[in-house]
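There are 2 protein chains.
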Amino acid sequence: MKTILIIDDDEDIREIISYNLTKEGYTVLKAKNGVEGIKKAKKHNPGLILLDVMMPEMDGIEVCEILRADELTKDIKICFLTARSEDYSQIAGFDAGADDYVNKPVKPKVLSSRIKAILRRDSGANVIESNSNERIVINRDKYQLLIHGQPIHLPRKEFELLALLASKPGDVFEREVILQTVWGSEIVVGDRTIDVHIRKLREKIGNDSIKTVKGIGYKFTP
Amino acid sequence: MKTILIIDDDEDIREIISYNLTKEGYTVLKAKNGVEGIKKAKKHNPGLILLDVMMPEMDGIEVCEILRADELTKDIKICFLTARSEDYSQIAGFDAGADDYVNKPVKPKVLSSRIKAILRRDSGANVIESNSNERIVINRDKYQLLIHGQPIHLPRKEFELLALLASKPGDVFEREVILQTVWGSEIVVGDRTIDVHIRKLREKIGNDSIKTVKGIGYKFTP
DNA sequence: TAAAATTTTAACAAAATGTAAATTCAACGT
DNA sequence: ACGTTGAATTTACATTTTGTTAAAATTTTA
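Chains as they are written, first to last, in my numbering: chain A, 1 to 222; chain B, 223 to 444.
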């Protein structure tokens with residue numbers, strides 16, 4: 001489900017967005033109007049559609065309604081590209097069944113994080129739950145960790161770290177991988193940094209959940 | 223509810239709009255002044271009224287107020303037709319209970335998409351309410367905030383900001399996303415701007431509702 | 001047991017946020 | 001058109017929270 005369809009009448013916008021999303025590893029399809037967009041949506045079944053609201057002939061709302069009405073396309077996530085907030089298109093968009101909206105002009109970072117959020121929503125990755133008797137819930141949208149229903153505050157890095165480990169319970173994450181994911185590829189921080197964060201996590205969520213695999217890395221087991 | 227009533231003293235405008243809307247499949251009624259318009263509104267109960275602001279004898283604002291005061295017509299959507307961007311008439315229009323406004327000269331495409339947006343909007347659809355025992359009601363249409371039923375005045379930005387946060391209670395909104403939604407991404411504002419607005423909001427609606435999630439953003443929790 | 005790897009501590013650095021006050025800006029009434 | 005007013009934004013710090021490091025202590029492994 002890494003395919004994204006852009007429906008926008010403005011070629012520049014299509015290209016800019018496409019360029020950025022491709023760089024992020026998505027497969028990108030483009031359509032320059034509603035009719036073409038609907039056709040491609042049916043044919044390729046993308047995971048997400050970025051849909052311009054203001055288009056000549058058939059506006060985004062209408063496209064959205066048509067997509068929602070069709071069995072083939074009704075479950076595809078739709079994110080509107082709206083002019084700006086004064087406009088009622090946002091509200092109308094939600095009525096029409098949009099999953100989210102992003103204002104134009106679009107900043108790549110914002111778009112990308114919204115897209116991730118939307119795609120996360122149905123993959124279930126948003127809420128990571130360990131086995132039922134333990135009751136650890138990680139909710140990315142709320143940036144919140146619940147242990148036995150008790151909300152626990154985690155600073156950013158700790159949260160990201162835990163989210164990563166918990167994303168595949170039982171799997172070992174090498175230190176390199178952790179650095180890459182939580183800290184980012186360019187940033188150079190010392191090796192100990194991970195350890196310290198691990199320790200803080202253990203303090204907060206109990207010592208047993210995170211195990212160290214000497215020489216390799218860490219793993220999270222509920 | 224596909225009937226639209228046009229109230230405008232200018233025959234040409236009535237005809238042009240009428241022509242376009244008929245083509246779109248609406249049933250169109252016409253009236254050349256306020257008195258006639260009100261009469262037809264009561265008789266035919268249209269789904270929407272396009273109302274010229276500037277008319278001799280009885281201006282649109284007045285017509286609007288009368289329609290809003292009458293049980294028979296008070297729920298009819300009203301969209302003002304205003305000459306150029308006289309912000310004054312827009313504001314006055316909203317005060318009088320308008321649902322939207324469109325500037326003249328009217329572009330068919332714009333008008334048509336606005337109309338769709340208005341008709342799609344169900345009254346009350348965008349009242350954001352915190353949980354029932356709490357008492358924060360945000361009404362986007364009326365640009366109004368009620369706390370314990372008391373109306374509280376919020377300036378535009380503060381209102382938009384609160385509305386955004388409250389739109390998904392508990393979810394964290396990243397600063398980037400807030401900027402993009404409330405300010406729009408062309409405009410570059412300083413780093414502290416969000417904080418200051420948050421602070422003002424907290425002053426007005428109480429310190430506890432808006433929580434900051436350091437490194438990420440803010441969230442609203444009732 | 002020595003070597004290697006990890007954990008812990010505590011001190012410090014860096015980043016993010018909060019605040020008050022000043023400034024800029026734009027709408028509105030006159 | 002002009003001044004008033006309130007809103008929006010910036011400024012300049014204060015404050016708080018987070019992140020990092022270096023070094024010592026501890027544990028593991030060979």
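We put the CB at the ideal spot given by N, CA and C, even for glycine.
- Segment contact: the region 250-265 of chain B against the region 204-213 of chain A, fewer than three CB-CB distances shorter than 8 Å; contact not assigned.
- Interface criterion met: the Cβ of Gln402 of chain B is under 9 Å from a Cβ in chain A.
- For Glu160 of chain A, the closest C-alpha among the options A:Pro46, A:Ser112, A:Ile38, A:Val177 is that of A:Val177.
- Ile438 of chain B has a beta carbon lying within less than 9 Å of a beta carbon in chain A.
- Its Cα nearest to that of Cys301 of chain B, the residue B:Leu272 stands out among B:Val250, B:Arg236, B:Ile360, B:Leu272.
- The straight-line gap separating the alpha-carbon atoms of Ile4 of chain A and Pro56 of chain A is approximately 22 Å.
- Between Val285 of chain B and Gly259 of chain B, the C-beta spacing is below 9 Å.
- Given a length threshold of 4 residues, each whole run of the alpha helix (DSSP H) inside the region 163-205 of chain A is given here in chain order: 175-178, 192-205.
- If you draw a straight line from the Cα of Lys390 of chain B to the Cα of Lys441 of chain B, it comes to about 9 Å.
- The alpha carbon of Thr403 of chain B has as its nearest neighbour, out of A:Asp100, A:His44, A:Glu174, the alpha carbon of A:Asp100.
- Taken through DSSP and simplified to helix, strand or coil, Ala98 of chain A comes out as coil.
- Spanning the alpha carbons of Arg14 of chain A and Lys200 of chain A requires a straight line of approximately 44 Å.
- Looking at the backbone, the Cα of Pro222 of chain A and that of Glu174 of chain A are separated by about 19 Å.
- For Asp393 of chain B, the neighbours in chain A by C-beta distance under 7 Å run, in chain order, Asp141, Lys142.
- The Cβ of Glu258 of chain B sits no closer than 9 Å to any Cβ of chain A.
- Counting only Cβ-Cβ distances below 9 Å, Asn33 of chain A has no contacts in chain B at all, with the closest Cβ about 14 Å away.
- Taking 9 Å as the threshold, the shortest C-beta distance from Glu396 of chain B to chain A falls below it.
- Counting along the chain, the unbroken beta strand (DSSP E) around Thr225 of chain B starts and ends at 225-229.
- Counting only the Cα atoms, Ala388 of chain B lies some 23 Å from Gly412 of chain B.
- Apart from sequence neighbours up to five positions away, the residues of its chain that approach Ser334 of chain B with a beta-carbon distance below 8 Å are Asn242, Leu243, Glu246, ordered along the chain.
- In the three-state reduction of the DSSP assignment, Gly217 of chain A falls in the strand class, which pools E and B.
- Within 9 Å of the CB of Lys107 of chain A, the CB atoms of chain B belong to Glu398, Leu401, Gln402, Ser407, in sequence order along the chain.
- The shortest CA-to-CA distance from Ile136 of chain A to any of A:Gln150, A:Tyr143, A:Lys104 is the one to A:Gln150.
- At least one CB of chain B lies nearer than 9 Å to the CB of Glu62 of chain A.
- The Cβ of Val435 of chain B sits closer than 9 Å to at least one Cβ of chain A.
- For Lys390 of chain B, the nearest beta carbon of chain A is closer than 9 Å to its own beta carbon.
- Within 9 Å of the CB of Lys338 of chain B, the CB atoms of chain A belong to Asp59, Ile61, Glu62, Ala92, in sequence order along the chain.
- The beta-carbon distance between Thr249 of chain B and Lys265 of chain B, rounded to whole angstroms, is 13 Å. This is too long to meet the 8 Å contact definition.
- Residues of chain A with a Cβ closer than 9 Å to the Cβ of Lys224 of chain B do not exist, since the nearest Cβ in that chain sits about 15 Å away.
- The DSSP-derived three-state label of Ile239 of chain B is helix.
- Contact of Asn103 of chain A with chain B is assigned, a C-beta pair being separated by under 9 Å.
- Residue contact with chain A for Lys426 of chain B: absent (no Cβ-Cβ distance below 9 Å to any residue of chain A).
- The three-state reading of DSSP puts Leu50 of chain A in strand, counting E and B together.
- Counting other Cβ atoms within 10 Å of its Cβ, Arg336 of chain B reaches 16 or more and is therefore classed as buried.
- Classified as exposed, Ala291 of chain B has fewer than 16 neighbouring CB atoms from the shown chains inside 10 Å of its CB.
- With respect to chain A, the C-beta atom of Lys262 of chain B has no partner C-beta closer than 9 Å.
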